[in-house]
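Protein chains in written order, with this note's numbering: chain A, 1 to 335; chain B, 336 to 443.
1) Straight-line CA distance for residue 434 (chain B) to residue 177 (chain A)?
2) Less than 8 Å between the CB atoms is what I'm expecting for residue 22 (chain A) and residue 309 (chain A), so what's the real figure, rounded?
3) Should the segment 160 to 171 of chain A be regarded as contacting the segment 258 to 274 of chain A, the criterion being three or more beta carbon pairs within less than 8 Å?
4) Quick one: what's got a C-beta closer than 8 Å to residue 333 (chain A)'s C-beta in the same chain, skipping five residues either side?
5) Tell me the start and end of each unbroken alpha helix (DSSP H) in the segment 248 to 298 of chain A that is at least 4 residues and wholly inside, in chain order.
6) Could you pull the start and end residues of the beta strand (DSSP E) that residue 238 (chain A) belongs to?
7) Taking the CB atoms as reference points, tell me whether residue 291 (chain A) and residue 382 (chain B) lie closer together than 7 Å.
8) Considering only the alpha carbon of each residue, which of B:348, B:376, B:354, B:350 lies closest to residue 431 (chain B)?
9) In the DSSP output, what is residue 3 (chain A) paired with across the bridge?
10) Kindly identify the DSSP beta-bridge partner or partners of residue 212 (chain A).
11) Any beta carbon of chain B sitting closer than 7 Å to that of residue 149 (chain A)?
12) Evaluate the contact criterion for the segment 65 to 80 of chain A versus the segment 20 to 34 of chain A: three or more CB pairs, one atom per stretch, below 8 Å.
13) Do residue 149 (chain A) and residue 115 (chain A) come within 7 Å of each other at the CB atom, strictly closer than that value?
14) Grab the span of the beta strand (DSSP E) containing residue 80 (chain A) for me, first residue to last.
15) Compute the distance between the beta-carbons of residue 42 (chain A) and residue 62 (chain A), then report whether it is under 7 Å.
16) Does any CB atom of chain A fall closer than 7 Å to the CB of residue 355 (chain B)?
17) Residues in the same chain with beta-carbon distance under 6 Å from residue 418 (chain B), minus the five sequence neighbours each way, listed in chain order, please.
18) Would you call the segment 236 to 243 of chain A and the segment 253 to 266 of chain A touching, i.e. three or more CB-CB distances under 8 Å?
19) Starting from residue 156 (chain A), trace the beta strand (DSSP E) both ways and give me its first and last residue.
20) Specify, as a first and last residue, the run of the beta strand (DSSP E) that residue 91 (chain A) falls within.
21) Can you find a CB in chain B that lies within less than 7 Å of the CB of residue 286 (chain A)?
22) For the segment 382 to 394 of chain B, list every residue whose C-beta sits within 9 Å of some C-beta in chain E, in sequence order.
23) Quick check on DSSP: helix, strand or coil for residue 484 (chain B)?
24) Hey, does residue 423 (chain B) have any beta-carbon neighbour from chain A nearer than 7 Å?
25) So with CB distances below 7 Å, who are the chain A contacts of residue 415 (chain B)?
26) Can you tell me the Cβ-Cβ gap for residue 302 (chain A) and residue 60 (chain A), rounded? I've got them flagged as a contact below 8 Å.
27) What is the rounded straight-line gap between the Cα of residue 248 (chain A) and the Cα of residue 321 (chain A)?
28) Counting only the same chain and skipping the five closest in sequence on each side, list residues whose C-beta sits under 7 Å from that of residue 404 (chain B).
29) Should residue 366 (chain B) be flagged as near chain A, meaning a C-beta pair shorter than 7 Å?
30) Against chain A, with Cβ distances strictly below 7 Å, would residue 378 (chain B) count as a contact?
31) Does any C-beta atom of chain A lie closer than 7 Å to the C-beta of residue 411 (chain B)?
32) For residue 247 (chain A), go through chain B and note every residue whose CB falls closer than 7 Å to its CB, in chain order.
33) Under 7 Å between C-beta atoms, does residue 46 (chain A) make it to chain B?
34) On the criterion of 16 or more Cβ atoms from any shown chain inside 10 Å, does residue 26 (chain A) qualify as buried, or is it exposed?
35) Would you mind stating whether residue 8 (chain A) and residue 113 (chain A) have Cβ atoms separated by less than 7 Å?
36) What residue from A:328, A:223, A:330, A:276 has the CA that sits closest to residue 314 (chain A)'s CA?
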């Protein structure tokens with residue numbers, strides 16, 4: 001069991017800055033994030049995009065902002081549970097929350113701060129009828145263990161780097177047969193990956209199907225085949241053991257929706273006094289919360305996290321008085 | 336007013352919404368739909384990075400050509416047709432007066 005003072009759900013910019021502000025009050029933080037790296041959408045969606053409205057940074061790349069926030073939080077030694085989704089929440093008899101992830105990692109803390117941004121990033125699922133019947137029975141949205149596909153027939157869909165990279169990898173003596181199906185003729189991945197796939201197709205090691213989309217899945221218990229629709233040639237049926245649709249990630253509120261929090265339009269309602277939710281001890285900060293006048297801006301999230309840790313401190317140490325200390329006077333004293 | 340154009344947005348229930356669209360505020364179709372409280376997510380905020388503002392152009396307007404980013408992003412969208420565009424990449428301008436768009440279905 002991982003014990004901490006403030007369990008932050010979401011390791012995006014607001015969660016990371018909250019580590020710093022909590023650290024100034026000598027509160028320890030641990031972060032959970034469904035993505036395998038810290039930074040949230042800044043590292044996942046737009047690491048190379050400049051942001052212009054961070055005070056005192058006329059321009060900063062999203063990825064660099066996260067690097068700076070990690071450096072700023074480092075003295076306070078935050079813990080991370082990455083690549084796992086916060087799933088269940090319970091309370092124990094000492095008034096502490098227990099949050100368990102989808103992989104069973106348990107965390108215990110008196111205060112929860114949900115800094116979940118847009119929600120958990122989950123694979124985009126193509127709108128093919130009956131697809132859910134074959135999830136983990138031949139349809140996988142993420143390749144976790146490449147050897148799982150050893151000597152199997154695999155169809156990959158998508159036009160981006162992950163589709164290209166896995167096609168190349170699985171065609172190299174792993175799968176018995178690899179087919180790549182893509183909506184267009186052009187691929188948007190790295191040029192050398194595109195070239196490699198073209199070469200593999202020319203050498204007969206990959207079956208390349210363009211201008212096509214998978215529209216049907218077939219099988220009894222397990223996937224046994226699929227049909228794709230070609231722009232001009234119509235429906236084509238293909239036997240396969242696996243179909244891996246790789247269409248990127250999109251955010252979903254996810255299990256937090258079932259935590260008995262008041263939610264309006266996919267956002268958690270909070271009191272702007274301290275960003276507390278309707279559940280005492282659970283706060284929500286950053287893009288995931290809503291209140292009259294809410295603006296989804298990183299800088300507003302920083303403010304919210306800063307105020308929220310004050311309230312968290314009083315909840316954890318009701319008998320102690322809190323005095324605002326300036327970093328210019330006291331410096332930053334880490335753990 | 337000179338700076339206003341008329342745009343029709345057909346929502347996912349087939350209902351047409353005639354909107355007054357300002358051309359002097361640097362707005363795009365995704366933002367216009369959001370400001371009219373139509374069900375457009377605009378998750379990425381308008382960077383052509385999420386395809387949640389996918390819409391079909393139903394009128395004969397000459398739109399600016401798609402950027403590589405937009406074309407790439409539509410690869411990850413579903414229900415893509417020849418008249419598919421990302422609303423966030425369509426900037427409101429006088430030439431779009433009378434534009435009609437239909438919101439694309441949302442996936443799971």
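Note that CB positions come from ideal geometry on N, CA and C, so glycine has one too.
Working from what's here:
1) Using only the alpha carbons, I get a separation of about 47 Å.
2) Sure, about 5 Å apart at Cβ, within 8 Å.
3) Counting C-beta pairs closer than 8 Å gives fewer than three between the segment 160 to 171 of chain A and the segment 258 to 274 of chain A, which falls short of the contact rule.
4) Once the five neighbours on either side are set aside, the close Cβ partners of residue 333 (chain A) are 75.
5) Here no run is fully enclosed.
6) Start and end: 234 to 239.
7) Taking 7 Å as the Cβ cut-off, residue 291 (chain A) and residue 382 (chain B) do not qualify as a contacting pair.
8) Measuring from the Cα of residue 431 (chain B), the nearest candidate turns out to be B:354.
9) Paired residues: A:108.
10) Within the DSSP secondary-structure output, residue 212 (chain A) pairs in a beta bridge with A:230.
11) So, not an interface residue.
12) Counting Cβ pairs under 8 Å, three or more are found: they touch.
13) In this structure, residue 115 (chain A) lies away from residue 149 (chain A), with their beta-carbon atoms at least 7 Å apart.
14) Taken as a continuous stretch (DSSP letters only), the beta strand (DSSP E) holding residue 80 (chain A) covers 79 to 82.
15) Contact check for residue 42 (chain A) against residue 62 (chain A) passes: the beta carbons are separated by less than 7 Å.
16) False, the Cβ-Cβ gap to chain A never drops below 7 Å.
17) For residue 418 (chain B), same chain residues with a beta-carbon under 6 Å away, outside a window of 5 residues either side, are 391, 392 in chain order.
18) Output reads no: the segment 253 to 266 of chain A does not touch the segment 236 to 243 of chain A.
19) Element bounds for residue 156 (chain A): 153 to 157.
20) First-last of the beta strand (DSSP E) with residue 91 (chain A): 86 to 91.
21) Answer no: the Cβ-Cβ gap between residue 286 (chain A) and chain B never drops below 7 Å.
22) The question asks about chain E, but that chain is absent: this structure's protein chains are A and B.
23) There is no way to answer for residue 484 (chain B), as the model of chain B reaches only from 336 to 443.
24) So, not an interface residue.
25) In chain order: 183.
26) About 13 Å separates the two Cβ atoms, so there is no contact after all.
27) The alpha-carbon atoms of residue 248 (chain A) and residue 321 (chain A) are separated by roughly 48 Å.
28) Contacts found: 383.
29) Chain A, which has no Cβ nearer than 7 Å to the Cβ of residue 366 (chain B), makes this no.
30) Answer yes: the Cβ-Cβ gap between residue 378 (chain B) and chain A drops below 7 Å somewhere.
31) At least one CB atom of chain A sits nearer than 7 Å to the CB of residue 411 (chain B).
32) What residue 247 (chain A) touches in chain B: 411.
33) Answer yes: the Cβ-Cβ gap between residue 46 (chain A) and chain B drops below 7 Å somewhere.
34) The residue is exposed, with fewer than 16 neighbouring Cβ atoms inside 10 Å.
35) Closer than 7 Å, so yes.
36) Ranked by Cα distance from residue 314 (chain A), the options A:328, A:223, A:330, A:276 are led by A:276.
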